[in-house]
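Using this note's numbering, read the sequence shown as starting at 23 and increasing by one per residue. Data first, discussion second: the structure below is written as structure tokens.
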Amino acid sequence: MDAGEILLNRGLIDREQLLTSRERATEDTRVDRAAVELGFVREEQALRALGEEVGLDYVDLTQTEVDLNLLRDFPIKLITRNHLFPVRRENGYLLVATNDPFDLYALDELSAATGLTIEPVLANREEIAKLIKTHLGMGRETIDGLIALKDADRDNDVELLEEIEADDSELSEMVQEASVVRLVNEILLEAIEARASDVHLEIGSLGLRIRYRVDGMLQSQPVPGEISRFQAAIISRLKIMAHLNIAEKRVPQDGRIKLKVKGREVDVRVSVIPMVHGEGIVLRILDKGSMKFALRNLGMDEELYASVRDLIRLPHGILLVTGPTGSGKSTTLYSSLLEIKSEHTKIITAEDPVEYQLDGINQIQVHPKIGLTFAAALRAILRHDPDVVLVGEIRDLETAENAIQASLTGHLVFSTLHTNDSAGAYTRLVDMGVEPFLVASTVEAVMAQRLVRVLCPECKEPYEPNRDDLPDDFPWEAYREFDGPIYQAKGCRTCRGLGYRGRVGLYELLITTEKIRQLAHDRESSWAVKQAAMEEGMRTLRQDGWRKVFEGKTSADEILRVTKADQFIRRKAAPRVSAM
23 MDAGEILLNR
33 GLIDREQLLT
43 SRERATEDTR
53 VDRAAVELGF
63 VREEQALRAL
73 GEEVGLDYVD
83 LTQTEVDLNL
93 LRDFPIKLIT
103 RNHLFPVRRE
113 NGYLLVATND
123 PFDLYALDEL
133 SAATGLTIEP
143 VLANREEIAK
153 LIKTHLGMGR
163 ETIDGLIALK
173 DADRDNDVEL
183 LEEIEADDSE
193 LSEMVQEASV
203 VRLVNEILLE
213 AIEARASDVH
223 LEIGSLGLRI
233 RYRVDGMLQS
243 QPVPGEISRF
253 QAAIISRLKI
263 MAHLNIAEKR
273 VPQDGRIKLK
283 VKGREVDVRV
293 SVIPMVHGEG
303 IVLRILDKGS
313 MKFALRNLGM
323 DEELYASVRD
333 LIRLPHGILL
343 VTGPTGSGKS
353 TTLYSSLLEI
363 KSEHTKIITA
373 EDPVEYQLDG
383 INQIQVHPKI
393 GLTFAAALRA
403 ILRHDPDVVL
413 VGEIRDLETA
423 ENAIQASLTG
433 HLVFSTLHTN
443 DSAGAYTRLV
453 DMGVEPFLVA
463 STVEAVMAQR
473 LVRVLCPECK
483 EPYEPNRDDL
493 PDDFPWEAYR
503 EFDGPIYQAK
513 GCRTCRGLGY
523 RGRVGLYELL
533 ITTEKIRQLA
543 HDRESSWAVK
553 QAAMEEGMRT
563 LRQDGWRKVF
573 EGKTSADEIL
583 RVTKADQFIR
593 RKAAPRVSAM
């Protein structure tokens, strides 16, 4: 009886699903795995059923203590090639986790290599792979193939959308070898599956280090020590993919790679910088398939969303979004443009770079080296009769003056500034050299924002906060009146043990009221502007953060990590519950 019939007889799939699974199955994919991939049955259910049929137990590796000392005397190649992992010694047997109850040859080979009696147990395939990557290093199987001078032919589901231009040099030929190609593809594929926004390949005195930025936090990836022997090949392969000069190692280079990963398009921006121990590379991953630009889904509450929706429909003026790099400014601006896009509105953007191409919106890639700066692009845009203009960033006086001129001539202008909060935008423009009366009369609103990680809904746990663990500005009065728990991170299989999955925005919207206009006109400090805005009801980044803690979306630790306390609040009354 094959695996499919076992699942059918146990009522886990029906006859039609069995036939579909058999059509999906290949020489390398059993019928039960095909059924799992198609979503007909959960992997744990399938493995338990197969295990009961052949007399093998199922173990949850996330809840099982693994004896890592066994790895010292365990043949690594058998682990990676046969997808096995030693669990522990028990009653004279060696428990070994496998995902394939029918692969008896691999178990016999392992028994012969170790001289031990093997007791197989079934486990989730992804959990076995995670243990291999964590304790043996990402790319271990590929590294073993490189050292043995063997080519690897496994399809990594990574396809280049542009032809590679390679010469006949020895270095170019080396980076086209199948094993090098596979290793680089594995790094990219793992990053995309981990939802990484950036991949850092750093060369140090101890060799190559790989780190992924996931949800704004850098995470080191375990790699085998032997990978450093192939760092030149890895870097050269990435440079060729990005159409860069592989022979030039003295100056920084920037390029772009267009990929198709598991059927969806992914853009990778590549930056190469020469450093003391070699070239360092940072890959910015732009996963078009995973990005959904919707203003409604960015984490704004109903009141804030209604205010922003009204602002982006103004006939003219300047709307600014502020925050550090990686705070989600581009996502907010793109979402705003798509919210107001219509057949009757012409929208033109000037960006550096154009990260995502938006249908129905005219986008310009600026090139400062040839004179196409933000300021020059903005001057040209105004001759194309736009209704709405987006300037990627106001970096200098010329760009600021052109943006103001555009708003005064009846255009709605979106742009960004690098300031710590919303109030700082007014003084920043004045510091650039813009006349205060022009700032006061054209800037309609400024929104500061940050991104915080969202607690994993599968494992977040309630806890009782302690006064010693939280700062003075935590709204204790609001918490006492709050009917419900607040949560902290824990970690599980779904979130890869991090306790967080995804991010949500914190927002501070400062609308330019008459009082704010007067303060900006009088060159008052950003502190005075912020205090006045709060007196008129503005909720700060910190306060919005505490609100999201109460809503169970994030943890207090995240708010402390990304926001500063509103210092002057301590001189005033504690924030009202209604402000939360």
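For every residue, glycine included, the Cβ atom is placed at its ideal position computed from N, Cα and C.
Residues bridged to residue i [DSSP beta-bridge criterion]
| i | result |
| --- | --- |
| R235 | D220, L240 |
| Q275 | V294 |
| M454 | According to DSSP, M454 bridges with nothing at all. |
| R286 | V283 |
| E248 | Partner(s): none; E248 has no beta bridge. |
| M556 | Partner(s): none; M556 has no beta bridge. |
| G300 | M297 |
| Q471 | Y529 |
| A119 | F107, V143 |
| Y485 | I508 |
| G229 | G226 |
| D309 | V288 |
Rounded Cβ spacing between residue i and residue j (contact assumed at less than 8 angstroms)
| i | j | result |
| --- | --- | --- |
| Q471 | V551 | Not a contact, Cβ separation roughly 18 angstroms. |
| L380 | L360 | 7 angstroms |
| D301 | V294 | Reading off the sequence, residue 301 comes out as Glu, not Asp. At roughly 5 angstroms, the Cβ-Cβ gap stays under 8 angstroms, so E301 and V294 are in contact. |
| I154 | T84 | With a Cβ gap of about 15 angstroms, I154 and T84 do not count as contacting. |
| F315 | S357 | 4 angstroms |
CA-to-CA distance, residue j to residue i, given in whole angstroms
| i | j | result |
| --- | --- | --- |
| Q253 | L230 | 6 angstroms |
| L158 | T136 | 18 angstroms |
| L69 | I279 | 39 angstroms |
| P246 | G61 | 34 angstroms |
| F299 | K271 | As written in the sequence, residue 299 is His, which differs from the Phe given in the question. Those two C-alpha atoms are separated by around 12 angstroms. |
| R475 | L528 | 10 angstroms |
| G446 | I538 | 12 angstroms |
| L473 | N146 | 33 angstroms |
| E75 | L41 | 21 angstroms |
| E65 | T367 | 50 angstroms |
| V526 | G321 | 6 angstroms |
| R47 | K391 | Before going further, note that residue 47 is Ala rather than Arg in the sequence given. Looking at the two C-alpha atoms, the distance is approximately 53 angstroms. |
| D79 | R306 | 43 angstroms |
| R335 | I362 | 7 angstroms |
| D289 | K310 | 7 angstroms |
| R610 | L30 | Any answer about residue 610 is impossible in this case: the structure gives the chain only from 23 up to 602. |
| S329 | A255 | 53 angstroms |
| D175 | E324 | Here the model assigns D175 a pLDDT of 40, short of 50, so the residue's position is not dependable and the matter cannot be decided. |
| A71 | R32 | 7 angstroms |
| V584 | G345 | 11 angstroms |
| E131 | L116 | 14 angstroms |
Beta-carbon proximity check, residue i vs residue j, cutoff 7 angstroms
| i | j | result |
| --- | --- | --- |
| A372 | F396 | yes |
| V283 | A264 | no |
| C478 | G521 | yes |
| T120 | L100 | no |
| I386 | A398 | no |
| L281 | Q275 | no |
| I35 | V63 | yes |
| V465 | T534 | yes |
| I403 | I426 | no |
| M454 | L419 | yes |
| G226 | H338 | no |
| I140 | V118 | yes |
| I303 | L260 | yes |
Exposure label - residue i; buried when at least 16 CB within 10 Å
| i | result |
| --- | --- |
| H406 | exposed |
| K172 | Model confidence at K172 stands at a pLDDT of 38, short of 50, so the residue's coordinates are unreliable; what they give is reported in the following sentence. The residue is exposed, with fewer than 16 neighbouring Cβ atoms inside 10 Å. |
| P142 | buried |
| L129 | buried |
| E558 | exposed |
| N384 | exposed |
| E149 | buried |
| W568 | buried |
| E365 | exposed |
| Q609 | Absent from the model: residue 609. The displayed extent of the chain is 23 to 602, so no value can be given. |
| M469 | buried |
| D177 | In this prediction, D177 has a pLDDT of 46, which is less than 50 and means its spatial position is unreliable; nothing more can be read from the coordinates. |
| M560 | buried |
| R52 | buried |
| P123 | buried |
| P493 | exposed |
| G114 | exposed |
| R37 | exposed |
| A25 | buried |
| S548 | buried |
Residue-chain proximity (residue i, chain D), Cβ-Cβ < 7 angstroms
| i | result |
| --- | --- |
| S364 | Looking at the structure shown, chain D is missing, and only one protein chain is on hand. |
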